[in-house]
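Residue numbers (the numbering used here): 41 to 164.
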């Protein structure tokens with residue numbers, strides 16, 4: 041009985057540490073994103089706006105493989121603009137960098153949806 045109690049108590053700090061360090065969040069919680077990454081996806085690999093193959097490649101957020109995200113872009117999931125960092129807006133349940141024209145967007149992207157967000161060509 042004493043051994044079980046000791047083992048159970050020993051597991052509590054481990055469980056708390058694991059929960060606190062659970063890895064990147066699919067949804068934005070707080071903080072800013074680097075505006076440099078809006079136009080420089082390759083140089084920002086792993087950062088929001090950077091290229092990725094899987095979510096494990098992203099330091100935060102998720103790897104979007106929606107057709108609007110090119111071959112893979114680290115970003116956040118969202119249900120509205122308020123769930124995206126400053127300088128980003130929600131479309132197709134993902135945060136995209138805001139824009140005024142195509143020159144604000146990276147290679148292969150266009151300023152879409154009434155000149156509001158940068159999406160890769162071929163998206164809707």
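Glycine residues also receive a C-beta, built at the ideal position from the N, C-alpha and C atoms.
This one's a predicted model, so the numbers in the text were calculated from it and none came from an experiment.
Item to complete: From the DSSP output, in three-state form, read off residue 150 for me.
Response: For this step, residue 150 is matched to residue 110 along the chain shown. Of the three classes helix, strand and coil, the one that applies to residue 150 here is strand, per DSSP.
Worksheet item: Whose C-alpha, out of 150, 134 and 154, is nearest the C-alpha of residue 79?
Response: The residue labelled residue 79 in the question sits at position 39 within the chain shown. When each option's Cα is compared against that of residue 79, the closest is 150.
Discussion item. Using only the alpha-carbon positions, how far apart do residue 153 and residue 110 sit?
Written reply: For the purposes of this step, residue 153 is taken as the residue at position 113 of the chain shown. For the purposes of this step, residue 110 is taken as the residue at position 70 of the chain shown. Each residue's Cα considered, the two are about 17 Å apart.
Fill in: Inter-residue spacing [alpha-carbon to alpha-carbon] between residue 93 and residue 112
Numbered from 1 along the chain shown, position 53 holds the residue referred to as residue 93. Numbered from 1 along the chain shown, position 72 holds the residue referred to as residue 112. Using only the alpha carbons, I get a separation of about 6 Å.
Fill in: For residue 75, the nearest candidate out of 97, 133 and 138 (CA to CA)
Taking the chain shown and counting its residues from 1, one reaches residue 75 at position 35. Here the closest residue by C-alpha is 138.
Discussion item. If you follow the beta strand (DSSP E) that residue 91 is in, where does it begin and where does it stop?
Written reply: Counting from 1 along the chain shown, the entry for residue 91 is found at position 51. Note, residue 91: premise wrong, no beta strand (DSSP E); not H, not E.
Discussion item. Please state whether the Cβ-Cβ distance between residue 119 and residue 130 is less than 8 Å.
Written reply: Taking the chain shown and counting its residues from 1, the one referred to as residue 119 is at position 79. Taking the chain shown and counting its residues from 1, the one referred to as residue 130 is at position 90. A contact, by the Cβ cut-off of 8 Å.
Fill in: Local conformation of residue 145 per DSSP, three classes
Position 105 of the chain shown holds residue 145. Coil, per DSSP.
Worksheet item: Count the other CB atoms within 10 Å of the CB of residue 56; is the residue buried (16 or more) or exposed (fewer)?
Response: To locate residue 56, count along the chain shown from 1; it is residue 16. Residue placement at residue 56 is poorly supported in this model, since its pLDDT is 35, which falls under 50; the coordinates still yield a value, given next. Exposed, since its Cβ has fewer than 16 Cβ neighbours within 10 Å.
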